[in-house]
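Peer 1: Numbering (our numbering), first residue to last: 4 to 58.
C-beta atoms are modelled at their ideal positions from N, C-alpha and C, and glycine is treated no differently.
Dropping a structure here in structure tokens format, bear with me for questions.
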């Protein structure tokens, strides 16, 4: 839930889904999944998070 407030990539995804009419819980689950993908990519490639490369 904190990532939806402070992580720019996750926040934009969350707000975009809410604006599209998704439920808050559905948007939150999608944001959590996005955060897991970001964390996996950081660990896999052993590089710091760069929000400019995140899709």
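Tell me which residues share the same chain as residue 45 and place their Cβ nearer than 6 Å to its Cβ, disregarding the 5 neighbours each side in the sequence.
Peer 2: Numbered from 1 along the chain shown, position 42 holds the residue referred to as residue 45. Within the same chain, residue 45 has close Cβ partners 52.
Peer 1: Is the separation between the beta-carbon of residue 20 and that of residue 6 shorter than 8 Å?
Peer 2: By 1-based counting over the chain shown, the position of residue 20 is 17. By 1-based counting over the chain shown, the position of residue 6 is 3. Not in contact: residue 20 and residue 6 (Cβ atoms no closer than 8 Å).
Peer 1: Where do the N-terminal and C-terminal ends of the alpha helix (DSSP H) with residue 7 fall, by residue?
Peer 2: By 1-based counting over the chain shown, the position of residue 7 is 4. Note, residue 7: alpha helix (DSSP H), 6-9.
Peer 1: With 16 as the cutoff for other CB atoms within 10 Å, does residue 42 come out buried or exposed?
Peer 2: Your numbering for residue 42 matches position 39 in the chain shown. With fewer than 16 other Cβ atoms within 10 Å, it is exposed.
Peer 1: Looking only at its chain, what residues have a beta carbon closer than 7 Å to the beta carbon of residue 8, apart from the 5 residues adjacent to it on each side?
Peer 2: Here residue 8 refers to the residue found at position 5 when the chain shown is read from its first residue. Excluding positions up to five away in sequence, the list reads 14.
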